[in-house]
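Only one structure is covered here, and it is reproduced in the block below.
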Amino acid sequence: MPEDFLRPDDRSPLEGIDESFVFTYDTYADELGRGQRWSRWQDLEALMKGPEPRPDWVVTSSGAIDTELGVLKTGKEADVFLLEREDPHRPDEAVVMAAKRYRDTDHRTFHRAASYTEGRSMKRSRDNRALKRKSTWGKQVAAGEWAVSEWNALCRCWDLGLPVPYPVQIDETEILMEWITVTVDGETETAPRVAQVRPDRSVVEGYYDQLRDALTTLVQAGLVHGDLSPYNTLAAGDRLVIIDLPQMVDLVGNPRGMDFLMRDCANMCAWFRSRGLEVDDQELFGELMAHAF
Numbered sequence: 001m002p003e004d005f006l007r008p009d010d011r012s013p014l015e016g017i018d019e020s021f022v023f024t025y026d027t028y029a030d031e032l033g034r035g036q037r038w039s040r041w042q043d044l045e046a047l048m049k050g051p052e053p054r055p056d057w058v059v060t061s062s063g064a065i066d067t068e069l070g071v072l073k074t075g076k077e078a079d080v081f082l083l084e085r086e087d088p089h090r091p092d093e094a095v096v097m098a099a100k101r102y103r104d105t106d107h108r109t110f111h112r113a114a115s116y117t118e119g120r121s122m123k124r125s126r127d128n129r130a131l132k133r134k135s136t137w138g139k140q141v142a143a144g145e146w147a148v149s150e151w152n153a154l155c156r157c158w159d160l161g162l163p164v165p166y167p168v169q170i171d172e173t174e175i176l177m178e179w180i181t182v183t184v185d186g187e188t189e190t191a192p193r194v195a196q197v198r199p200d201r202s203v204v205e206g207y208y209d210q211l212r213d214a215l216t217t218l219v220q221a222g223l224v225h226g227d228l229s230p231y232n233t234l235a236a237g238d239r240l241v242i243i244d245l246p247q248m249v250d251l252v253g254n255p256r257g258m259d260f261l262m263r264d265c266a267n268m269c270a271w272f273r274s275r276g277l278e279v280d281d282q283e284l285f286g287e288l289m290a291h292a293f
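Under full-length UniProt numbering, think of the first position of the sequence shown as 1, with each following residue one higher.
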């Protein structure tokens, strides 16, 4: 063996090696704890990930671990959990998100689905047949249909600049999205529903302006929330955030699109009147119609 091939102990083992052949890596645990799973971010297709540009807080590391933190709320067709995503080697970048998980039709209490799905169609005829027969596969398709509907609505609303949680990813019947919070006495808490708060008049007026702007943007895009109320809008400080979007409908394509819009206006205006603001749902509806056509 040539003498110049041998390296004295006091020389670096990497000395003289081309840097393009040198790499470093981090090791991760082989097993996870209870209530943990590996992030599936890298396994998902592009359309299953949130719109770009993504917020800086989104964790995209393939070594990230998702940890269940408990139930946030239960709903008519889905339950929402808190979930922390963290790369063990980058703990300062950990983020807590809301994980919305849709149930199958045997475990849902939402009975108005047909009114919202009029005008929609499944891409595969097999899925349409399964839905009509209400077979086991049909129930899975139904749960997935609502998850996909909300995912598409969230992504579209985000792209329109509307005040909705940022949609992080969808994986089967689970949607990960931004956790909307407020700070109370230095502690981070879930933002309350609008129905639960009694803000100052100036805040109420600000909420109404935000609501009117959001509804205007929606109808200009030909969309209606379809189930808007003080129970699915959040009061994030001075900011109004709209949530629960699986039933979003086409204003013209759905036969009841106008009725849903009128009901959205009535539900929200009733709350504003209860907080001392003189608003008229018929007037708001008329204003929105002027923007829609």
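Idealized CB from N, CA, C, for every residue including glycine. Every value quoted in this text rests on a predicted model; they were computed, and no experiment measured them.
For residue j and residue i, the rounded distance between their alpha carbons
i           : j      : result
Glu189      : Glu19  : 48 Å
Arg156      : Val22  : 43 Å
Glu278      : Asp244 : 27 Å
Val241      : Thr27  : 40 Å
Lys139      : Glu68  : Unreliable positioning characterises Lys139 in this predicted model, as indicated by a pLDDT of 49, which lies under 50. The coordinate reading is nonetheless provided below. Straight-line Cα distance between these residues: approximately 26 Å.
Leu234      : Ile17  : 58 Å
Ser274      : Ala292 : 28 Å
Met248      : Leu284 : 19 Å
Asp264      : Val80  : 23 Å
Trp179      : Lys100 : 11 Å
Gln210      : Asp30  : 48 Å
Trp158      : Glu15  : 51 Å
Leu72       : Ala98  : 8 Å
Lys76       : Pro192 : 18 Å
Gln282      : Tyr208 : 15 Å
Gly253      : Asp259 : 13 Å
Val58       : Val148 : 20 Å
Asp104      : Glu174 : 12 Å
Ala266      : Trp146 : 25 Å
Arg212      : Leu32  : 47 Å
residue 307 : Thr181 : Outside the displayed range of the chain (1 to 293) lies residue 307, so it cannot be described from this structure.
Met268      : Trp38  : 41 Å
Asp171      : Trp151 : 10 Å
Arg85       : Val219 : 35 Å
Gly63       : Pro255 : 47 Å
Asp56       : Val95  : 11 Å
C-beta neighbour in chain D for residue i, strict 8 Å
i     : result
Pro55 : The chain inventory of the structure shown lacks chain D, comprising one protein chain alone.
Delimiting residues of the beta strand (DSSP E) encompassing residue i
i      : result
Gln36  : 36-38
Asp66  : 65-74
Arg273 : Run containing Arg273: none in the beta strand (DSSP E); it sits in the alpha helix (DSSP H), 257-274.
Leu47  : Run containing Leu47: none; DSSP gives neither H nor E here.
Pro192 : Segment: none, Pro192 is in no beta strand (DSSP E) and carries neither H nor E.
Gln169 : 167-171
Ile242 : 239-242
Leu176 : 174-178
Val96  : 95-102
Ala235 : 233-236
Host alpha helix (DSSP H) of residue i (start-end)
i      : result
Arg90  : Taken as a continuous stretch (DSSP letters only), Arg90 belongs to no alpha helix (DSSP H), as it is neither H nor E.
Tyr208 : 201-220
Gln282 : 281-292
Contacting residues, own chain, Cβ-Cβ under 6 Å from residue i (five flanking each side not counted)
i      : result
Trp271 : Pro230
Ala153 : Leu245, Met248
Arg40  : Asp171
Local Cβ density within 10 Å of residue i, reported as buried at 16 or more and exposed below that
i           : result
Leu176      : buried
Gly237      : exposed
Leu288      : buried
Gly257      : buried
Leu251      : buried
Tyr25       : exposed
Gln196      : exposed
residue 294 : Summary: the structure shown does not reach residue 294, with the chain confined to residues 1 through 293, and so no result is reported for it.
residue 315 : Residue 315 lies beyond the residue range present for the chain, which begins at 1 and ends at 293; the question has no answer from this structure.
Arg34       : exposed
Leu223      : buried
Close beta carbons around residue i, own chain, < 7 Å, minus the five adjacent residues each side
i      : result
Leu160 : Thr217, Ala221
Met262 : Phe285
Ala290 : none
Thr74  : none
Tyr78  : It is Ala, not Tyr, that sits at residue 78 in the sequence shown. The answer, listed in chain order, is Lys100, Arg101, Tyr102, Arg103.
Cβ shell of residue i (< 8 Å), same chain only, five flanking positions each side left out
i      : result
Gln36  : Ile65, Asp66, Thr67, Glu68
Ala214 : Leu162, Pro163, Leu240, Ile242
Gly276 : Arg201, Val204
Gly70  : Phe81, Leu82
Arg198 : Arg275
Measuring CB atoms only, is the region 47-57 touching the region 164-173, in the sense that at least three cross pairs come out at less than 8 Å? Yes, since at least three Cβ pairs between the region 47-57 and the region 164-173 fall closer than 8 Å, the two stretches touch.
Three-pair Cβ contact test at 8 Å for the region 83-99 versus the region 194-214: With a cut-off of 8 Å on Cβ pairs, the region 83-99 is not in contact with the region 194-214, counting fewer than three such pairs.
Three or more C-beta pairs below 8 Å linking the region 177-187 and the region 215-230: Contact between the region 177-187 and the region 215-230 is absent, with fewer than three C-beta pairs closer than 8 Å.
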